[in-house]
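Protein chains: 2
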Amino acid sequence: MPTKNHISTKWSGKMAFESTNPSGLNFTIDASPDDGGEGKGLRPKALMLSSLAGCSGLDVVSLIKKMKLEVDDFHIETIANLTEEHPKFYDAVTVEYHFHGKNLDEKKLQRAVDLSVEKYCGVMEMFRSFAKMDIQIRYHHT
Amino acid sequence: MPTKNHISTKWSGKMAFESTNPSGLNFTIDASPDDGGEGKGLRPKALMLSSLAGCSGLDVVSLIKKMKLEVDDFHIETIANLTEEHPKFYDAVTVEYHFHGKNLDEKKLQRAVDLSVEKYCGVMEMFRSFAKMDIQIRYHHT
Chain A
51 MPTKNHISTK WSGKMAFEST NPSGLNFTID ASPDDGGEGK GLRPKALMLS SLAGCSGLDV
111 VSLIKKMKLE VDDFHIETIA NLTEEHPKFY DAVTVEYHFH GKNLDEKKLQ RAVDLSVEKY
171 CGVMEMFRSF AKMDIQIRYH HT
Chain B
51 MPTKNHISTK WSGKMAFEST NPSGLNFTID ASPDDGGEGK GLRPKALMLS SLAGCSGLDV
111 VSLIKKMKLE VDDFHIETIA NLTEEHPKFY DAVTVEYHFH GKNLDEKKLQ RAVDLSVEKY
171 CGVMEMFRSF AKMDIQIRYH HT
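So the sequence lines, in the order shown, correspond to chains A and B. Counting from 51, one number per residue, gives the positions in the first sequence under the numbering used here. Counting from 51, one number per residue, gives the positions in the second sequence under the numbering used here.
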């Protein structure tokens, strides 16, 4: 049986929308004041980048646990280039995986990132369809 | 000068992340309890669908204002099919634009949706790269 995701996004006046999520949590989307909004919600296009980082980040954290790796801090920087003409989309995206810790196992962390990028992360797969992807790993030994 | 969007997504323990947004608002991403999370944040993959609906919704609301159309309520339903094998991605997406009102100008509302879908919405452009898109409009005359 196929899996369907269904979300609802309702106009709540001016340039604001309320959107649902499979978590059961709702959230607000809004345009910036420059675009006629009030800046009281998340800007929608950049949610694509959080979706990408969140999807891959969850894979990596699962693998850190499974592989019993020691990592004190972990963050992902996602830097995307927006095309200049309408429709403006992300045509080149750099994803930097930053690991901090005293006992970073670089080889295994690389393996965890590779597994997410190449095998598990569906959002990464979607991004590869429209953007040139640049994957970077940075180890910060503390 | 090219426009870059840069967002940061930081692991905050267990399966939770804090992600930034160009609005300056941060938000939490979390896995479901079934996947080892606590369900205290938004699930990342479905953020793609909110990004799509929000991007196009903002276009349509701008055009409703510009065209001085009368619309009492407006919501977008986004129903996406997820593939079964890893990496699981959205391969078919239905976007339903629902307009409610007493004096709906169907022709102009159709035009507003068409302009977003075909010309302005960059997220729609990205989705077309990996998913079969089905665009529907529903008019609810009250």
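Cβ coordinates follow ideal geometry from the N, Cα and C atoms, glycine included.
Please list, in chain order, all residues of the same chain as residue i whose beta carbon is under 6 Å from its beta carbon, the five residues on each side excluded.
i	result
Phe-195 of chain A	Given a span of 51 to 192 for chain A in the structure shown, any question on residue 195 of chain A remains unanswerable.
Val-173 of chain B	Ser-101, Leu-102, Cys-105
Lys-182 of chain A	Ala-142
Val-145 of chain B	Thr-128, Ile-185
Who are the Cβ neighbours of residue i in its own chain at under 8 Å, not counting the five residues just before and after it?
i	result
Gly-87 of chain B	Lys-64, Met-65, Ala-66, Asp-80, Ala-81
Gln-31 of chain B	Look at the range of chain B in this structure, 51 to 192, and you will see that residue 31 of chain B is not part of it.
Leu-42 of chain A	Here chain A comprises residues numbered 51 to 192, so residue 42 of chain A is not present and cannot be evaluated.
Asp-85 of chain B	Met-65
Taking only three categories from DSSP, how would you classify residue i?
i	result
Val-163 of chain B	helix
Met-174 of chain B	helix
Val-121 of chain B	coil
Asp-85 of chain B	helix
Glu-135 of chain B	coil
Met-194 of chain A	No answer is possible for residue 194 of chain A: the residues shown for chain A start at 51 and end at 192.
Leu-193 of chain B	There is simply no residue 193 of chain B to check, as chain B begins at 51 and stops at 192 in what is shown.
Asp-109 of chain A	helix
So, under 8 Å CB-CB, residue i and residue j are touching, yes? Tell me the CB distance rounded to an integer number of Å.
i	j	result
Ile-126 of chain B	Thr-59 of chain A	5 Å
Thr-128 of chain A	Val-143 of chain A	7 Å
Val-163 of chain A	Tyr-189 of chain A	Incorrect: roughly 11 Å between the Cβ atoms, too far for contact.
Glu-156 of chain B	Phe-139 of chain A	Not a contact, Cβ separation roughly 29 Å.
Trp-61 of chain A	Gly-89 of chain B	About 27 Å; that fails the 8 Å criterion.
Is there at least one Cβ from chain C nearer than 8 Å to residue i's Cβ?
i	result
Val-163 of chain A	Among the protein chains in the structure shown, which are A and B, there is no chain C.
Whose C-beta lies closer than 7 Å to the C-beta of residue i among residues of the same chain, with five residues either side of it excluded?
i	result
Pro-72 of chain A	Asn-55
Notebook entry, point to check: Are the region 87-97 of chain A and the region 107-125 of chain A in contact at 8 Å, needing three or more beta carbon pairs?
Noted result: They do not touch, by the three-pair rule.
Notebook entry, point to check: How do the region 151-166 of chain B and the region 120-129 of chain B stand: do at least 3 beta-carbon pairs fall below 8 Å, yes or no?
Noted result: Output reads yes: the region 120-129 of chain B touches the region 151-166 of chain B.
Check: Taking one C-beta from the region 166-176 of chain A and one from the region 127-135 of chain A each time, how about it: are there three or more such pairs within less than 8 Å?
Finding: Result no; under three Cβ-Cβ pairs closer than 8 Å.
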